[in-house]
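Worksheet: the structure to be examined is printed underneath.
Number of protein chains: 2
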Amino acid sequence: HDVLEANEELALRNHHLLNGFGIIAFNIMGAIGSGKTTLIELAIERLGGRYRIGVIAGDIVADIDANRFKRYDVPVIAMNTGKECHLDALLVKNALDQLPLEDLDILLIENVGNLICPADYSLGESKRVVIVSVSEGDDIVEKHPMIFKTCDLAIVNKVDISDAVGADADKMVSDALRLNPSIKVLKTSKKVGESIDGWIEFIEASMNVCR
Amino acid sequence: HDVLEANEELALRNHHLLNGFGIIAFNIMGAIGSGKTTLIELAIERLGGRYRIGVIAGDIVADIDANRFKRYDVPVIAMNTGKECHLDALLVKNALDQLPLEDLDILLIENVGNLICPADYSLGESKRVVIVSVSEGDDIVEKHPMIFKTCDLAIVNKVDISDAVGADADKMVSDALRLNPSIKVLKTSKKVGESIDGWIEFIEASMNVCR
Ligand SMILES: Nc1nc2c(ncn2[C@@H]2O[C@H](COP(=O)(O)OP(=O)(O)OP(=O)(O)O)[C@@H](O)[C@H]2O)c(=O)[nH]1
Ligand SMILES: Nc1nc2c(ncn2[C@@H]2O[C@H](COP(=O)(O)OP(=O)(O)OP(=O)(O)O)[C@@H](O)[C@H]2O)c(=O)[nH]1
Ligand SMILES: [Mg+2]
Ligand SMILES: [Mg+2]
Ligand SMILES: [Zn+2]
Ligand SMILES: [Zn+2]
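Written out as structure tokens, the structure reads:
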């Protein structure tokens, strides 16, 4: 409990640091393999021309996703989380110290694949996003209430394979809204370009509100 | 570190308790939604006539999977893990105290969906199984070395949707063997009955060796 309190204090300081530089940070959480990296890549592709984007990749072997992001012309920090199953504010502070903050507008933080512990750890973000995919089963939202209660946006990804796994994407959407009536929910597929529009609009709308 | 040592001591006592009753216990770990419950259901369907099977369902909302198992004529204990992202030996001891141990041959334990922390927590099992699915991406094995190093069997599930998600199941198999040359690896799909034979044979072979 002291751990959580200490983390909240550090997170608040990160938040002030980011605000000072006018950077909007997104804590992108989700199940293992749900599509976090894919959706961050799509955001960089669609917004990287207009906004200066930085990325923090957090995982036990962070280099694998970090190397995907490095193919784009953006600053990337890989943060190895060791045996921790979630990023925390201290690790994010270490990453912020290595980023060119004066040259960034958007910070995309890929958290460790986990629907439990990241719910309790703020990082200093402006917006919290949780990504699940239909392949995890359509009971995945109701099985993890806390994380949906703490997020601003939920993405139900890989809707193109709903039938193949026997999952009802609309049940997942309504489960999220029942848990958190103020959460925004999107259904996406990397194979359907228009389905990504809502994700891009969410990022841009966050820029306009928060700056 | 003391936490881990204390857990190991409890796990050893669970192991002796189970051995005393001649019960073979399987710690079934894996990513969120990888197919743990599905593969346990298939084991109950195929072996429940010949062996007396008990199940422990561990999760933050354990009743959801526990209710799936209760449709079969087997003893089921739902273990809510609270904010913990892994089962531990103490929770399993609580479950063992509620099971009719004198009437069981096989104990199937569904762990919390997580490829990180369960690697460090023994429960008292005879065999450790990790289940991943192609939908998590074919880099999921190399991203989580510790859990594969500690397991007896790795299952690469949902191979029927490999093309739909652009994943190479054989890469996942060879990654597991590279990390742990003595691990057994199976490729499965719930849609292909024969692919489940290897999983059933693994359970039965474990019975013959351990008893
Ligand atoms: N069919 C389909 N596959 C997808 C979609 N989005 C991602 N994938 C696939 O899902 C797998 C995992 O995608 P990633 O973006 O690496 O997921 P992640 O959440 O970053 O994974 P981790 O960081 O390892 O937890 C990859 O094989 C992707 O190609 C989608 O919309 N449809
Ligand atoms: N296409 C396909 N879908 C599968 C397969 N196995 C399981 N599924 C689907 O994958 C989803 C998750 O399956 P579960 O068995 O609930 O997975 P789990 O690992 O127990 O999930 P959690 O306990 O929530 O972590 C369900 O929608 C299943 O129908 C498979 O071999 N192929
Ligand atoms: Mg990723
Ligand atoms: Mg399950
Ligand atoms: Zn955790
Ligand atoms: Zn953990």
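Chain order of the listed sequences is A and B. Here the working numbering is used: the first residue of the first sequence is 172, the next is one more, and so on. Here the working numbering is used: the first residue of the second sequence is 172, the next is one more, and so on. The beta-carbon is built from N, C-alpha and C at its ideal position, and this holds for glycine as well.
Among the options, which one has its Cα closest to the Cα of residue i?
i: B/ILE199; options: B/GLU307, B/ILE332, B/GLY284; result: B/GLY284
i: A/ASP323; options: A/SER333, A/LEU258, A/LEU348; result: A/LEU348
i: B/ALA233; options: B/LEU210, B/VAL247, B/TYR222; result: B/VAL247
i: B/THR321; options: B/ARG223, B/ILE332, B/SER353, B/LEU188; result: B/SER353
i: A/VAL301; options: A/SER345, A/LYS207, A/PRO271; result: A/LYS207
i: A/ILE203; options: B/SER345, B/ARG221, B/GLY369, B/VAL303; result: B/VAL303
i: A/ASP236; options: B/ASN238, B/GLU313, B/ALA228, B/SER297; result: B/GLU313
i: B/HIS172; options: A/ILE224, A/LYS362, A/LYS254; result: A/LYS254
i: A/ILE195; options: A/ILE311, A/MET343, A/ASP274, A/ALA335; result: A/ASP274
i: A/SER366; options: A/SER293, A/ILE326, A/SER377; result: A/ILE326
i: A/CYS256; options: B/LEU262, B/ALA266, B/MET317; result: B/MET317
i: A/SER377; options: A/SER297, A/ASP230, A/VAL245, A/ILE215; result: A/SER297
i: B/ALA340; options: B/ASP309, B/ASP291, B/PRO271, B/ILE215; result: B/ASP309
i: A/VAL305; options: B/LEU213, B/SER205, B/ASP244, B/GLY193; result: B/SER205
i: B/GLU281; options: B/PHE240, B/VAL174, B/ARG223, B/LEU357; result: B/PHE240
i: A/THR252; options: A/LEU262, A/ILE311, A/GLU216; result: A/LEU262
i: B/ASP443; options: B/LEU175, B/GLY295, B/ALA214; result: Lying before the first or after the last residue shown, residue 443 of chain B is absent from chain B, which here runs from 172 to 382.
i: A/ASP230; options: A/GLN269, A/GLY201, A/GLU307; result: A/GLY201
i: A/LYS142; options: A/ILE374, A/THR209, A/PHE373; result: Since the first residue shown for chain A is 172 and the last is 382, residue 142 of chain A is missing from the structure and cannot be characterised.
i: A/VAL174; options: A/VAL356, A/ALA260, A/ILE211; result: A/ALA260
i: B/ILE227; options: B/LEU272, B/ILE371, B/PHE319, B/ARG217; result: B/LEU272
i: A/ALA338; options: A/LEU357, A/VAL356, A/GLU307, A/LEU294; result: A/GLU307
i: B/GLU372; options: B/LEU218, B/GLU212, B/LEU350; result: B/LEU218
i: B/HIS315; options: B/TRP370, B/MET343, B/ASN328; result: B/MET343
i: A/PHE197; options: A/ASP346, A/VAL356, A/LEU357, A/ARG299; result: A/ARG299
i: B/ILE211; options: B/GLU176, B/VAL356, B/ASN328; result: B/ASN328
Roughly how far, in whole angstroms, is the beta-carbon of residue i from the beta-carbon of residue j, given that I think they are within contact range, below 8 Å?
i: B/SER360; j: B/VAL380; result: Going by Cβ atoms, the distance from B/SER360 to B/VAL380 rounds to 27 Å, so no, they are not a contact pair.
i: B/LYS250; j: B/ASN238; result: In the sequence under discussion, the amino acid at residue 250 of chain B is Met, which differs from the Lys named in the question. About 14 Å; that fails the 8 Å criterion.
i: B/TYR222; j: B/ASP276; result: 4 Å
i: B/LEU270; j: B/TYR292; result: Not quite, the Cβ-Cβ distance comes to about 20 Å (not below 8 Å), so this is no contact.
i: A/LEU278; j: A/GLY225; result: 5 Å
i: B/ILE332; j: A/VAL336; result: 7 Å
i: B/LEU350; j: B/PHE319; result: 5 Å
Does the beta-carbon of residue i, which I'm using as the reference point, lie nearer than 7 Å to any heavy atom of ligand 7?
i: A/ILE311; result: This structure lacks ligand 7; its bound ligands are ligand 1, ligand 2, ligand 3, ligand 4, ligand 5 and ligand 6.
On the three-pair Cβ rule with 8 Å, is the segment 286–295 of chain B touching the segment 175–191 of chain A?
-> no
Counting only runs of 3+ residues fully inside the segment 179–205 of chain A, write out the beta strand (DSSP E) ranges in chain order.
-> 195–201
Mind listing, in chain order, the residues whose beta carbon lies closer than 6 Å to a non-hydrogen atom of ligand 3?
-> A/LYS207, A/THR208, A/ASP236, A/GLU281
Those runs of the beta strand (DSSP E) which lie wholly inside the segment 231–289 of chain B and span at least 3 residues = 247–251, 277–281
Please list, following the chain, all residues that have a C-beta closer than 5 Å to any non-hydrogen atom of ligand 5.
-> A/CYS256, A/CYS288, B/CYS256
Give a yes or no on contact between the segment 185–198 of chain B and the segment 185–196 of chain A, applying the rule of three or more CB pairs nearer than 8 Å.
-> no
Counting only runs that start and end within the segment 283–369 of chain A, where is the alpha helix (DSSP H) found for 4 or more residues in a row?
-> 316–320, 333–336, 340–350
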